[in-house]
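Offset between the sequence shown (1-based) and our numbering: plus 850.
In what follows, a structure is listed as structure tokens, so that the remarks can point back to it.
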Amino acid sequence: MALKLNHKITGLRRQEMDKKKRGQKISVVIDTQITQEQQSEKHHFAETGQLINIKENWYIRFVEHSETGEVPVTFRVDDSHEVRLTRKAESQLNLLFKQDEKTDNYYVTPYGTMNITVFASKVDAMIDVKNTSGQIEVSYQIITDGETVGNYQIKLHFNA
851 MALKLNHKIT GLRRQEMDKK KRGQKISVVI DTQITQEQQS EKHHFAETGQ LINIKENWYI
911 RFVEHSETGE VPVTFRVDDS HEVRLTRKAE SQLNLLFKQD EKTDNYYVTP YGTMNITVFA
971 SKVDAMIDVK NTSGQIEVSY QIITDGETVG NYQIKLHFNA
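And the structure:
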């Protein structure tokens, strides 16, 4: 697994360290590809967000704007080689990605909660705190009732 957290803060003054903890304004570019039943669709978003450090976790937060509305999105990257994606709107999605592992997750809709399994074949993250930049790449499958619903790819890049 290529989880690379470049968050060495040597050389940063205390004031700069505190600023990173409060949140650094960033530009976020996200490209996604969804393949279901032999059909593929791609999405591209360019948003303004924040890079936040809380304890050992780094959060990339932004609001995704589309024709269907606004969706708050959070990616959490930690030292244990995990990436978590949370999307909160009318429906709430919470996915945990671990390289080459299946994880149990949930999708809350107005009609009820649906349990889903995620298998991540690729989980790469790199955060360069000093330069306030980085990227996350995740390739995964969503599985419900033992059947693969679709294949998904996320590529996120950010910088100050």
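All C-beta atoms in this analysis are idealised placements derived from N, C-alpha and C, irrespective of residue type, glycine included.
Measuring straight from C-alpha to C-alpha, what distance separates Glu951 and Thr898?
Rounded to the nearest whole angstrom, the C-alpha separation of Glu951 and Thr898 is 31 angstroms.
Near Ala975, which residues of its chain fall below 6 angstroms by C-beta distance, leaving aside the five closest residues on each side in sequence?
So the qualifying residues of the chain are Leu853, Val927, Val933 and Ile986.
Which residues DSSP lists as bridging Tyr990, in chain order:
Beta-bridge analysis with DSSP links Tyr990 to Ala970 and Tyr1002.
Which listed residue (Asn907, Ser983 and Ser941) has its alpha carbon closest to that of Tyr961
Ranking the options by Cα distance to Tyr961, first place goes to Ser941.
For the stretch 884-892 and the stretch 904-914, state whether three or more C-beta atom pairs, one from each stretch, are separated by less than 8 angstroms.
Counting C-beta pairs with one atom in each stretch, the stretch 884-892 and the stretch 904-914 have fewer than three that are closer than 8 angstroms, which means they do not touch.
Expected contact under 8 angstroms - CB spacing of Gln886 and Gly996 to nearest Å
A Cβ-Cβ distance of about 16 angstroms is found for the pair Gln886 and Gly996, leaving them out of contact under the 8 angstroms criterion.
Please determine, among Val878, Val988, Ser971 and Thr994, the residue with the shortest C-alpha to C-alpha distance to Thr963.
The shortest C-alpha separation from Thr963 is found at Thr994.
From what residue to what residue does the beta strand (DSSP E) around Pro922 run?
Its beta strand (DSSP E) spans residues Gly919 to Asp928.
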